[in-house]
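Take the sequence shown: its letters are residues -25 to -1, 1 to 748, numbered as in mature numbering (1 follows the signal peptide of the UniProt record, and there is no 0). All residues carry an ideal CB built from backbone N, CA and C; glycine is no exception.
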Amino acid sequence: MEKGVFSATASIICLVLLFVRTSLGDISYTVAEEVKRQHVIGNLAKDLGLDPKKMSARKARLDAEDNSRRCCEINPDTGNLIVVETIDREDLCGSKVICTLTYELLLENPLELHRISLRIQDINDNPPKFLNDLISLEITEAAVKGTRFPLEEAHDADIGQNTVQGYSLEKNDYFILSVRENADGGKYGELVLDKELDREQNHEVNLILTATDGGMPPKTGTALIHVTVLDANDNVPVFTQDVYKVGLQENAAVGTVVTAVNATDADEGANGEITYEFSRISDKAAKLFLIDKTTGQIKLRGELDYEEETYYELRVQAKDSSGLASSAKIIIEVVDVNDNAPKIVIKSLNDPLPESVDRGTEVGIINVQDKDSGSNGQVRCSVKHTVPFKLNPSIKNYYSLITTAELDREQVKDYNITITATDAGNPPLSSSKTIHLKISDVNDNPPVFEEHSYSAFVMENNKPGASICSVSAKDPDWKQNGTVFYTLMSSEVNGIPVSSFLSINRELGVIHAVKSFDHEQLRGFKVQVLARDNGSPPLSSNVTLSVFVMDENDNSPQILYPIPEGKSFMTEMIPKNAFLGSLVSKVIAVDADSGHNAWLSYQIIKSTDPGLFTIGLHSGEIRTLRDISVSDAVKQNLVISVKDDGRPSLTSTCTVHLLISDDLSEVPEINNVFSEDRNSNVTPYLVIALVSVSAFFLIFIIVLLAMRTCLRKKPRLSFDGTLAIPSCSFPRNYADVEGTGTIHSAYNYDTYLTTGSHTSDFKFVGSYEAFSL
């Protein structure tokens, strides 16, 4: 039945939602206690003129000022203010007539603060309650009709109309009930004697006292009045003062005497003995205070907290042994003590923070709270100067944490920011909080090569794919921003892409030769190596790599003169009167290698007359060792060795044919001489050879005549200094080292055809000098 009545009442006093926008942007709502969770109190977005869609993005949140109770919360998606836990007005505000909870609505970007006041409306959810279920009265039979006996006041945790509004007494033969109002507006009952008692007829009377509140439907509470009929007692106890006021520090120890009440009774004996007890006390106060029934001392039995309750109001009753009683009010004011250190709350923090942020960038929002009041609650907040951050005061107890200098993650990758908050109490209390802030990397450093330029020396004839050198670049950035990749910049070497010569390991920077190099074709080249990081956008740098192809002794000396046998038969004619030291001929050789590998030396390894000729070690000049005599053989053959200076050295040989003669008429004989040395097996083919040679001879005469005509217009010989050398083609890139390929004496060479009919070889008449006779 009680539930049905309560439902009917709930439908009548359904939630009244009011809001008032103040000139400062504050909002007030009123809501009844005991409403269900998720109940919508109001729409803050609509009432404040905010866009509900942006409230979530602006990190809308609701903070209680004392940060102790959070009965409500905001839905950031809709902007509704909703109930998140059961609201009990009696638990929150006790006997206070006005019960208000204060919140702060905080929005970021930009920072915006609104004060939200939530007034809790009382409902009739508590029945009246007597402090004692049994009220014992001792009344003398001499009491006259109309005598009043005050009864203890029923206590109802509700306020206003929902508190105790009246009392009723069970119908009986002796007493009626009179309801009266005290100075505070509270109502209490007095038992009025309507018929004189007769102890001889009834020595005790039991009555039921009912207290009724003003709720809809009303709630009741009962107590049993046990009246013991005694002899006459015509004086009630009287307190020394009607109201006792006392101040008590919140840090008072348990057992501290708060105050002592005192009442006197004019009666003597047992009728004058007084006992003390609380006649009205809240549930909270009952846990904190107790009274000595004999002495009237009120002591502290629990721990006070100014931040929870600032004052308590009690009623003490003094009753004599006959049941006559009077009451006094006790007001206990709790004195604030600086017992709460400031509390630092990080409302928001941009972590990690990019190193590229500008000076003065807001990093986070700090809120400092102190539950104490007055100077004890005034807080100063600061940051140690060893870090590039500071606190700027903002709204109320809010601070903005901002940067004071440019950040560089490559120097400092994170910071420990210690925030210290100190109140103005005496002595002051302080607290600290350390924020670990990481600095995120930005790609602000290009790769840097360890050297300004690189050189690679590779021996020619290298194996393709062999490593020739490596480059390395460092990037102080982090992770992908510091990851370096290497490439070869597009270019050409002698019109050929550089990728045909070199390749590079993209991650390690090791450079490999794509092909085998030839020093005689490519002495060296330069290429640009690019180092690029993996940032966005990427940064890069380049360095010059000079590749030098080192020479290897891979080319044998090439003899240009005399022409090797098989291509042409050449001979030199020496005058018979040639004397010691006469220049007879010169061997001309070149080497495609360079440096020491191209230094040539000449040596006669076989000679018809070993004592007749010598050759210059480095010049290749063939000279006589003595005067020519008539006893010397007409035909002289010299086998010349040409050796380079490589390791190991390479050698080529040639044969120089010399004729000692002064007269051309001796040529046929000489031809016959040379013919004798030829292989005798040529004879069977002589007939065929004669026909071929005759045809070739006629053609050659025609060509020779044409060539002589052309040579009159331009030289038919290639000259090096004063030496005339038969026309020849010099190989490309051949080195002429220390003049070994030149003859410094003046020579003239005349070309004659041989007179013999059995060979088509040419006879080169030997060089001659002006011999002195």
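Rounded straight-line distance, which links the Cα of residue j to that of residue i
i: residue 265; j: residue 352; result: 31 Å
i: residue 752; j: residue 293; result: For the chain, the structure presents residues -25 to 748; residue 752 sits outside this window and is missing.
i: residue 32; j: residue 339; result: 16 Å
i: residue 322; j: residue 337; result: 13 Å
i: residue 528; j: residue 633; result: 32 Å
i: residue 670; j: residue 684; result: 22 Å
i: residue 479; j: residue 495; result: 25 Å
i: residue 346; j: residue 223; result: 18 Å
i: residue 325; j: residue 332; result: 11 Å
i: residue 213; j: residue 127; result: 16 Å
i: residue 744; j: residue 558; result: Only weak support exists for where residue 744 lies, its pLDDT of 37 falling under 50; the coordinates are left without a value.
i: residue 303; j: residue 288; result: 11 Å
i: residue 448; j: residue 474; result: 21 Å
i: residue 181; j: residue 157; result: 26 Å
i: residue 373; j: residue 66; result: 30 Å
i: residue 118; j: residue 291; result: 25 Å
i: residue 124; j: residue 355; result: 59 Å
i: residue 609; j: residue 635; result: 5 Å
i: residue 18; j: residue 11; result: 17 Å
i: residue 364; j: residue 376; result: 7 Å
i: residue 3; j: residue 80; result: 12 Å
i: residue 311; j: residue 368; result: 26 Å
i: residue 383; j: residue 423; result: 18 Å
i: residue 409; j: residue 394; result: 6 Å
i: residue 502; j: residue 439; result: 18 Å
i: residue 400; j: residue 228; result: 20 Å
i: residue 39; j: residue 240; result: 51 Å
i: residue 210; j: residue 301; result: 11 Å
Paired residues, beta bridge with residue i - DSSP
i: residue 288; result: 306
i: residue 525; result: 434
i: residue 753; result: Not covered by the structure: residue 753. The range shown for the chain is -25 to 748.
i: residue 578; result: 616
i: residue 281; result: Beta-bridge pairing links residue 281 to no other residue.
i: residue 516; result: 506
i: residue 48; result: 57
i: residue 113; result: 203
i: residue 598; result: 558, 589
i: residue 553; result: Residue 553 is not bridged to any residue.
Assigned secondary structure, residue i (DSSP; H/G/I helix, E/B strand, else coil)
i: residue 474; result: helix
i: residue 130; result: strand
i: residue 62; result: coil
i: residue 493; result: coil
i: residue 670; result: helix
i: residue 454; result: helix
i: residue 20; result: helix
i: residue 677; result: helix
i: residue 104; result: strand
i: residue 13; result: coil
i: residue 73; result: coil
i: residue 141; result: strand
i: residue 684; result: helix
i: residue 413; result: strand
i: residue 421; result: coil
i: residue 125; result: strand
i: residue 663; result: helix
i: residue 573; result: helix
i: residue 548; result: strand
i: residue 67; result: helix
i: residue 28; result: helix
i: residue 296; result: coil
i: residue 605; result: coil
i: residue 610; result: strand
Contact belief for residue i with residue j at Cβ below 8 Å, rounded distance in angstroms
i: residue 564; j: residue 595; result: 7 Å
i: residue 162; j: residue 140; result: 7 Å
i: residue 95; j: residue 112; result: Not confirmed; about 39 Å, so no contact.
i: residue 343; j: residue 392; result: About 15 Å separates the two Cβ atoms, so there is no contact after all.
i: residue 555; j: residue 600; result: 7 Å
Within-8 Å CB hit, residue i to chain C
i: residue 476; result: Included in the structure is just one protein chain, with no chain C present.
Exercise for the section: Enumerate, from N- to C-terminal direction, the unbroken beta strand (DSSP E) stretches of 3 or more residues contained entirely within the stretch 202 to 270. Expected result: 218 to 224, 232 to 235, 249 to 255, 264 to 266
Practice task
Please list the segments of the beta strand (DSSP E) lying wholly inside the stretch 308 to 392, counting only runs of 3 or more residues, in order along the chain.
Solution key: 318 to 324, 337 to 344, 354 to 358, 364 to 368, 373 to 378
Exercise for the section: Quick one: which unbroken beta strand (DSSP E) runs of 3-plus residues sit fully inside the stretch 136 to 204? Chain order, please. Expected result: 139 to 144, 150 to 156, 162 to 168, 179 to 188
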